[in-house]
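J.: Residue numbers for the sequence shown follow my numbering, so the first one is 84 and each next one is one higher.
Mind looking over this structure? Questions follow.
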Amino acid sequence: MSSSFAALPSELILFIISLAAEHQPTALALSLVSSWVHRQTEPALYHTVRLSSSRALTSFISTLDNKPPAFAGRTVKKLCITALGPISGIETVLARCTGVTSLACGFSVPSYIHCVRHDDLPLRQEHEAEHKPQKLVVGPKEQHLIALACRDGLDMSVVSSSVTHLRIQLTSAMTSESIAQLAELRELTHLAIVYKQGSLGGLEHVKEMLRPVIQGGTLRLLIHQLVGGGEIDFEEIRRWNLDELDEHARNLTIVAERAPRSIMSQWEDSDSLWCTPGVASSVDA
């Protein structure tokens, strides 16, 4: 068997390994075969990273410490952080994973912003940080703000200015003024909002919150993901799609659907979220 593989062109062997490594359990198994095979499977192993606990976060940082400096920026493309901390560790991971195209944030935004503003900043930079938003050090095209990231409202400091696909959880802490800031995202074409039916005062209030964003004219798809609610609620949203859009939103499609049981599973397969007939949905890789 080994002699047969030895006779194959190296390009063909690499192609076979790359195909097999698309299945995560297979990639893990292949990584144990040899150091050479391990190196070939690393792009698949670290393409999608989920850090859901402090232990996972610190372990991942330790792994990166043993890799070349450019490894994380080159390899990690989808990153989800729902660990509570340490916040300094979250900042470290975001600073290293500069090539991320899809980012899910589920950590405390105020704590993160405070850490970024005050951790080893020169005096002039610290002064500036107190007077203008501190942007993310990464610029993902797709972003999901969930759980703790939305608990205290929407902070634009953690929204990439280059984001095209954004999902947020609407909470009672979010104001119309904070949602209106999404209109500043000139590349935003796909927006998904997750909320509990009736928790925000009904659809009319949600409409008013979103009106400045819709009038910005860049949105092509607006997805309502409802927690609870009945068919009458979905029908009301569909009527909005047909009858009440102004001239700024003639190219906008509005979709109403039940919120998924697992937002994270849908994040991992984000194409299933944004795939709507007649609307271009791909996120640049």
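Ideal Cβ placement from N, Cα and C applies to all residues, glycine included.
The model shown is predicted, which means the values in this text are computed figures rather than measured ones.
(1) Closest to A266 by C-alpha separation, out of S255, S245 and G284, would be which residue?
(2) In three-state DSSP terms, what is H288?
(3) Among the residues of its own chain, which have a CB less than 6 Å from the CB of V192, if the five just before and after it don't count?
(4) Out of L274, L286 and T258, point me to the one whose CA is closest to W357's CA.
(5) For P205 and H197, what's the separation of their Cα atoms in angstroms?
(6) How long is the line joining the alpha carbons of I144 and S101, rounded to whole angstroms?
(7) So, under 8 Å CB-CB, W350 and C188 are touching, yes? Tell me the CB distance rounded to an integer number of Å.
(8) Given a threshold of 16 other Cβ atoms within 10 Å of its Cβ, counted over all protein chains shown, does P151 qualify as buried or as exposed?
(9) State the Cα-Cα distance for the pair R250 and L305, rounded to the nearest angstrom.
(10) Contact check, G285 vs A256 under 8 Å by CB: the rounded distance?
(11) Is any beta-carbon of chain B found at less than 8 Å from that of P295?
(12) How big is the Cα-Cα spacing for V338 and A263?
(13) Starting from S185, follow its DSSP beta bridges and name the residues at the other end.
(14) At the level of alpha carbons, what is the spacing between A230 and F190?
(15) Which of the three DSSP states, helix, strand or coil, is assigned to E340?
(16) Can you give the beta carbon distance from E225 to T184, rounded, assuming they're within the 8 Å contact cut?
(17) On the premise that W323 lies in contact with K279, defined as a C-beta separation below 8 Å, what is that separation, rounded to the nearest angstrom?
(18) So, L253 versus I276, is the Cβ gap smaller than 8 Å?
(19) Kindly list the residues whose CB is nearer than 7 Å to the CB of H47, restricted to its own chain and excluding five residues on each side of it in sequence; keep chain order.
(20) Is any heavy atom in the ligand NAP found nearer than 7 Å to the beta carbon of S345?
(21) Starting from the C-beta of R234, find all residues in its chain whose C-beta is less than 7 Å away, skip the five residues before and the five after it, and write them out in chain order.
(22) How is the alpha helix (DSSP H) around A178 delimited, first residue to last?
(23) For V220 and L177, which I take to be in contact (beta-carbon distance under 8 Å), what is that distance rounded to the nearest angstrom?
(24) Could you give the DSSP three-state label for Y129: helix, strand or coil?
(25) Measuring alpha carbon to alpha carbon, tell me which residue in A166, T165, L147 and S243 is nearest T158.
(26) With DSSP run on the structure shown, which of helix, strand or coil describes V242?
(27) Between the Cα of I315 and the Cα atoms of I170, A155 and R341, which residue gives the shortest distance?
T.: A quick look at the data gives this:
(1) In the sequence shown, counting from the first residue as 1, residue 266 sits at position 183. It is S245 whose Cα lies nearest to the Cα of A266.
(2) Along the sequence shown, one-based indexing puts residue 288 at 205. DSSP places H288 in helix when its eight states are reduced to three.
(3) By one-based count along the sequence shown, residue 192 stands at place 109. Taking V192 as the centre and dropping the five residues before and after it, the same chain places the C-beta of A232, D238 and V241 closer than 6 Å to its C-beta, in chain order.
(4) On the sequence shown, position 274 is the one that residue 357 refers to. Distances from the alpha-carbon of W357 to those of L274, L286 and T258 put L274 closest.
(5) By 1-based counting over the sequence shown, the position of residue 205 is 122. By 1-based counting over the sequence shown, the position of residue 197 is 114. Here P205 scores only 41 on pLDDT, less than 50, and its place in the model is too uncertain to base an answer on.
(6) Translated into the one-based positions of the sequence shown, residue 144 becomes position 61. Translated into the one-based positions of the sequence shown, residue 101 becomes position 18. Computed Cα separation, rounded: 25 Å.
(7) Numbered from its first residue, the sequence shown carries residue 350 at position 267. Numbered from its first residue, the sequence shown carries residue 188 at position 105. Taking C-beta atoms under 8 Å as the contact rule, W350 and C188 fail to qualify, at a distance of about 11 Å.
(8) Here residue 151 corresponds to residue number 68 of the sequence shown, with the count starting at 1. Counting Cβ neighbours within 10 Å, P151 comes out exposed, since fewer than 16 surround it.
(9) Your numbering for residue 250 matches position 167 in the sequence shown. Your numbering for residue 305 matches position 222 in the sequence shown. Distance between the alpha carbons of R250 and L305 is about 10 Å.
(10) Numbered from 1 along the sequence shown, position 202 holds the residue referred to as residue 285. Numbered from 1 along the sequence shown, position 173 holds the residue referred to as residue 256. Under the criterion of beta carbons closer than 8 Å, G285 and A256 do not qualify as touching, at roughly 18 Å.
(11) Here there is only one protein chain, and chain B is not present.
(12) The residue you call residue 338 lines up with position 255 of the sequence shown. The residue you call residue 263 lines up with position 180 of the sequence shown. The straight-line gap from Cα to Cα measures roughly 20 Å.
(13) Numbered from its first residue, the sequence shown carries residue 185 at position 102. DSSP output for S185 lists K161 and E225 as bridge partner(s).
(14) Residue numbering aside, residue 230 sits at position 147 when the sequence shown is read from its first letter. Residue numbering aside, residue 190 sits at position 107 when the sequence shown is read from its first letter. Taken atom to atom, the span from the alpha-carbon of A230 to that of F190 is near 7 Å.
(15) Within the sequence shown, numbered from 1, the residue matching residue 340 stands at position 257. Correct three-state label for E340: strand.
(16) Numbered from its first residue, the sequence shown carries residue 225 at position 142. Numbered from its first residue, the sequence shown carries residue 184 at position 101. Sure, about 6 Å apart at Cβ, within 8 Å.
(17) Locating residue 279 in the sequence shown gives position 196, where the first residue counts as 1. Locating residue 323 in the sequence shown gives position 240, where the first residue counts as 1. Not a contact, Cβ separation roughly 18 Å.
(18) As a working mapping, residue 253 is identified with position 170 in the sequence shown. As a working mapping, residue 276 is identified with position 193 in the sequence shown. With a cutoff of 8 Å on beta-carbon distance, L253 and I276 are scored as near each other.
(19) A query on residue 47 cannot be resolved here, the shown segment of the chain reaching from 84 to 368 and no further.
(20) Ligands are entirely absent from the displayed structure, and the ligand NAP is therefore not among its contents.
(21) As a position in the sequence shown, residue 234 is number 151, starting the count at 1. Excluding residues within five positions, the ones whose Cβ falls inside 7 Å are T254 and A256.
(22) For the purposes of this step, residue 178 is identified with residue 95 of the sequence shown, where counting begins at 1. Taken as a continuous stretch (DSSP letters only), the alpha helix (DSSP H) holding A178 covers I170 to R179.
(23) For the purposes of this step, residue 220 is identified with residue 137 of the sequence shown, where counting begins at 1. For the purposes of this step, residue 177 is identified with residue 94 of the sequence shown, where counting begins at 1. With a Cβ gap of about 6 Å, V220 and L177 count as contacting.
(24) Start at 1 with the first residue of the sequence shown, and residue 129 comes out as number 46. Residue state, collapsed to three classes: coil.
(25) In the sequence shown, counting from the first residue as 1, residue 158 sits at position 75. Looking at A166, T165, L147 and S243, the one whose alpha-carbon comes closest to that of T158 is L147.
(26) Taking the sequence shown and counting its residues from 1, one reaches residue 242 at position 159. In the structure shown, the three-state DSSP call for V242 is coil.
(27) In the sequence shown, the residue the question calls residue 315 occupies position 232. Minimum Cα distance to I315 is reached at R341.
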